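Enquirer:
Residue numbers (our numbering): 10 to 208.
1) Compare the C-beta of residue 47 with all C-beta atoms of chain C and state if any pair is closer than 8 Å.
2) Who are the Cβ neighbours of residue 41 in its own chain at under 6 Å, not counting the five residues just before and after it?
3) Can you tell me which of the three DSSP states residue 16 falls into?
4) Taking residue 59 as the reference, give the member of 43, 16 and 29 with the closest Cα.
5) Distance check for residue 45 and residue 22, CA to CA, integer angstroms please.
6) Just to confirm, does residue 155 get its C-beta within under 7 Å of one of the non-hydrogen atoms of the ligand SAM?
7) Report yes if the C-beta distance between residue 151 and residue 202 is below 8 Å; otherwise report no.
8) Distance, Cα to Cα, residue 27 vs residue 86?
9) Where does the unbroken beta strand (DSSP E) through residue 194 begin, and where does it stop?
10) Between residue 207 and the rest of its own chain, which residues show a CB-CB distance below 8 Å, the 5 nearest in sequence each way excluded?
11) Report the rounded CA-to-CA distance for residue 57 versus residue 146, giving the unit in angstroms.
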């Protein structure tokens, strides 16, 4: 099989694996998608030591591998939480996510996503587990906006970080996005966070 076909299959398989994991965590499926997971990892291993001369294909392979590793870490943590009887979801006041439609990813090499856009107070998260500076920036903006709106209730950073991480991870998984943009919105004296996926 040509390497380009391997990449297409890997991309498609990761997307399918996201769907299967979500069905498992939602209780639709009784068993985790272990067989599909093994096939995805076999595809990644098959090309791990290969010499990839085409820069676009090499970039795409590295991007897909990094994306899978991020999701795999998230799925493993959620699975452990489930096995230990801990709740999977975290909910909080005034935090909403827009489920914007996302068109399928093109089969050309993906473009690099800018790190943290500053326009309009937006903050971009690529990896909710490791983008600590972006989360801290968003938290400080959120706290300041609540203070200006007269909302006195304090929000602890750790609670905020977990909440944002859960929202971002869900959008990344369900929408197959590469990143999530968060922005503040104040309406009727209430501050909320709006999230949208980035293809």
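Quick reminder that beta carbons are idealized off the backbone N, C-alpha and C, glycines included. These numbers come from a predicted model, not from an experiment.
Expert: Taking the definition as stated:
1) Among the chains of the structure shown, chain C does not appear; only one protein chain is present.
2) 33
3) helix
4) 16
5) 8 Å
6) What this structure holds is no ligand at all, so the ligand SAM is not there to describe.
7) A contact, by the Cβ cut-off of 8 Å.
8) 14 Å
9) 188 to 196
10) 122, 133, 186, 187, 188, 189 and 190
11) Whole-angstrom Cα-Cα distance: 36 Å.
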